[in-house]
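In what follows, a single structure is set out as structure tokens and then discussed.
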Amino acid sequence: MKNLNRFSTIKSKSASSSISSDSQSASKLAIKSEKSNDALTQLGWRPFFAQQLVDEQSRHFLPAKVMACHRNKFEIQTEAGELTLAITAKMLDITVGDWILLNEDNHFQQRLARHSLFSRKAPGSKVQTQLIAANVDTVFIVSSLNKDFNMSRIERYIALANEADVTPVFVLTKADLCDDTQAYIKQILSVFPLAMVEAVNALSQESVTSLQVYCGPNQTVAVMGSSGVGKSTLINSLLEDTAQLTSEIREDDSKGRHTTTGRSLHQMPSGGLLLDTPGMRELQLADCEHGVSETFEEITLLAQQCRFGDCQHQSEPGCAVQVAITKGELEVRRLMSYQKLLREQALNTATLAEKRAKDRSQSKYYRSVQDGARSLKGK
Ligand SMILES: Nc1nc2c(ncn2[C@@H]2O[C@H](COP(=O)(O)OP(=O)(O)OP(=O)(O)O)[C@@H](O)[C@H]2O)c(=O)[nH]1
Ligand SMILES: [Mg+2]
Ligand SMILES: [Zn+2]
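UniProt numbering applies: residue 1 is where the sequence shown begins, and numbers increase by one.
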């Protein structure tokens, strides 16, 4: 890791704002600080973050982008270079893509608010929310154009993207092996009429140029989809093989399987950042009611017309959802997918809430025991 002298940049910033008698050196400094801003902009820095530096003190802190997340350290990037930061107790809610502020000793000060956040229920039997990535602009939902194509699986990813406030783009791979690409595109558009859909051969750099419009400077793109659909192939083509993907950090999960825990951002030749999210094979939704409702908007609209407010859309009289199914205006598959995701997220949300409440009452109990012991000592 390079640890460049960050103070040269900070000094140049304050020097360029003061009046200098040496106009030549002042203009040099101005150029330097412009370049530094460019470096931050490339990493996704924008007014939304700059506006959070409200007080005098935070304006002197150094913004840093979390580029990679490992088990006990972050790799971060500042306008001056790369650094490694050991994860401390104060940094447990930080994830890849976050912007943080460092003081003059490169110590963590605070995390800036995010414009988007991906999270899920941790895989396996762990009762925990897992942050996947922050400040992503676009997510490529990757599916292959073959018999593995599955709308219900796609809807799960769309719900996650909607909840995270990230724009989804449908990327259909293996177009080179498919005779009727249009049939799949039609299927997507029949459910999501305004969707952005791109069919590609992920093996071909030329074919994936259609995706570059989403990958420009200041943009961060994540890639998600089931195993074997071509995510790694697509990532390699988008990176034009210029960056070697970092080796994944693996650890055993409770089921004895291998789960990837490393996540990292890679700079694309087109200027944007690409998020590599291995270990996304098990995607359980939690705290995702809004995302699910948005994904199945036509059903939530129909449900408002059902006779009963708590209609389950099964065999209740006056059910507008069932009427739409009978008329052929709504697929039964869509309703089942909606109900499945809604149930799943409700169950996980309740389990997580219960765990949080338990943790809170436990720590309250420990505090009261500690307080009791202290007051006894004082006697
Ligand atoms: N012909 C063709 N083959 C592809 C395409 N995309 C991926 N493949 C092949 O499909 C296989 C799986 O691709 P990967 O990129 O490893 O899939 P992945 O989504 O990363 O899979 P996991 O890492 O298991 O999640 C590989 O053999 C690729 O060469 C494509 O667009 N066209
Ligand atoms: Mg892969
Ligand atoms: Zn109903």
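Glycine included, every Cβ here is placed at the ideal spot set by N, Cα and C.
Could you tell me which residues DSSP pairs with residue i in its beta bridges?
i    : result
M224 : I141
P63  : L101
P168 : V139
I76  : V66, L83
F118 : A133
S232 : DSSP output for S232 lists no bridge partner at all.
S264 : A68, D276
Among the options, which residue has its Cα nearest to the Cα of residue i?
i    : options                : result
V171 : S207, A159, A164       : S207
A286 : A164, L330, S361       : A164
T41  : A86, T300, T78         : T78
V84  : F108, G44, A357        : The amino acid at residue 84 is misidentified as Val; the sequence shows Thr. The shortest C-alpha separation from T84 is found at F108.
A122 : R263, L352, V169       : L352
A303 : L274, L283, Q284, Y338 : Y338
F149 : P317, D98, T300, A175  : A175
S144 : E198, M268, H115       : E198
L131 : M91, D105, A320        : M91
N103 : E354, G228, K186, F61  : F61
M268 : R367, G216, K231       : G216
At a cut-off of 7 angstroms, is residue i close to ligand 1 when judged by its beta-carbon and the heavy atoms of the ligand?
i    : result
T173 : yes
D276 : no
V200 : yes
L203 : yes
L283 : no
D176 : yes
S227 : yes
Is the beta carbon of residue i within less than 7 angstroms of some heavy atom of ligand 3?
i           : result
Q322        : yes
residue 391 : There is no way to answer for residue 391, as the model of the chain reaches only from 1 to 379.
E329        : no
E316        : yes
C311        : yes
A373        : no
A303        : yes
C319        : yes
C288        : no
C215        : no
C306        : yes
So, helix, strand or coil for residue i, using DSSP?
i    : result
D371 : helix
K327 : coil
M179 : Sequence check: residue 179 is Asp here, not Met. Here D179 sits in coil by DSSP.
T84  : strand
A39  : helix
Q322 : helix
Q51  : coil
T173 : strand
Q110 : strand
K364 : helix
Q305 : coil
Q57  : helix
W45  : coil
Q128 : coil
D359 : helix
Compare the C-beta of residue i with all C-beta atoms of chain C and state if any pair is closer than 8 angstroms.
i    : result
H266 : The structure shown contains no chain C; it holds only a single protein chain.
- Message: Beta-carbon distances below 6 angstroms to any heavy atom of ligand 4 define the shell here; list its residues in chain order, please.
- Response: No copy of ligand 4 appears in this structure; the ligands present are ligand 1, ligand 2 and ligand 3.
- Taking only runs of the alpha helix (DSSP H) that begin and end inside the segment 183 to 217, which ones reach a length of at least 4 residues, in chain order? none
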